[in-house]
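A.B. asks:
Encoded structure:
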């Protein structure tokens, strides 16, 4: 009663319909609400398996190598390496560089506004690259010749 008097005073005399137990049941003609947040699971039905109309049979892959073949191949490649300490040094350096890169990217990502600014810079560069190299036929040919010359330089055939 006090809550009703308070709501009447608060709303300036306007009365709201009371929520009682004799409200009309919800019609079954309405469709159930759709999940507007696909990543948020709702209720126990979210874990229920969904029946599939499409049945796919997995094909056996005869070209896959067994574990023993892979190990033998790796042993052969390890034995073919002439300078093993240098290889180990470069491999360790690559792991340290990868770790350091993830630390730097994490630090940059934690600075407010900087990730969005870098996304904007990346979007601008992508737009420029598309306009400069991909939009017109002549520039696509130029890009293809540049890539081929780079391949030849790397392979040492030029």
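In the UniProt record's numbering, the protein residues as written are 1 to 158. Heads up, the beta-carbon is just placed ideally off N, CA and C, and yes, glycines get one too.
For residue 114, which three-state DSSP category applies?
C.D. replies: In the chain shown, the residue the question calls residue 114 occupies position 114. Helix at residue 114.
A.B. asks: Per DSSP, what kind of secondary structure is residue 55 in: helix, strand or coil?
C.D. replies: Counting from one through the chain shown, the residue named residue 55 turns up at place 55. Three-state result, residue 55: coil.
A.B. asks: Assign residue 188 to one of three DSSP states: helix, strand, or coil.
C.D. replies: No statement about residue 188 is possible, as the shown extent of the chain runs from 1 to 158 and does not include it.
A.B. asks: Under 8 angstroms, Cβ to Cβ, is there at least one residue of chain C near residue 68?
C.D. replies: The structure shown contains no chain C; it is built from a single protein chain.
A.B. asks: Rounded to the nearest angstrom, how far is the Cβ of residue 143 from that of residue 133, given a contact under 8 angstroms?
C.D. replies: For the purposes of this step, residue 143 is identified with residue 143 of the chain shown, where counting begins at 1. For the purposes of this step, residue 133 is identified with residue 133 of the chain shown, where counting begins at 1. About 4 angstroms separates the two Cβ atoms, so the contact holds.
A.B. asks: Helix or strand or just coil, what does DSSP make of residue 157?
C.D. replies: Along the chain shown, read from residue 1 onward, the residue named residue 157 stands at position 157. Here residue 157 sits in coil by DSSP.
A.B. asks: Helix or strand or just coil, what does DSSP make of residue 8?
C.D. replies: What you label residue 8 is simply residue 8 of the chain shown in a count that begins at 1. Low confidence applies here, because residue 8 scores a pLDDT of 49, under 50, leaving its location unreliable and the question unanswered by this model.
A.B. asks: With DSSP as the reference, label residue 82 as helix, strand or coil.
C.D. replies: Taking the chain shown and counting its residues from 1, one reaches residue 82 at position 82. Correct three-state label for residue 82: coil.
A.B. asks: When DSSP labels each residue in this structure, what does residue 66 get in the three-state scheme?
C.D. replies: Counting from one through the chain shown, the residue named residue 66 turns up at place 66. Three-state DSSP puts residue 66 in coil, outside helix and strand.
A.B. asks: Are the beta-carbon atoms belonging to residue 108 and residue 114 less than 8 angstroms from one another?
C.D. replies: Position 108 of the chain shown, counting from 1, holds the residue named residue 108. Position 114 of the chain shown, counting from 1, holds the residue named residue 114. A contact, by the Cβ cut-off of 8 angstroms.
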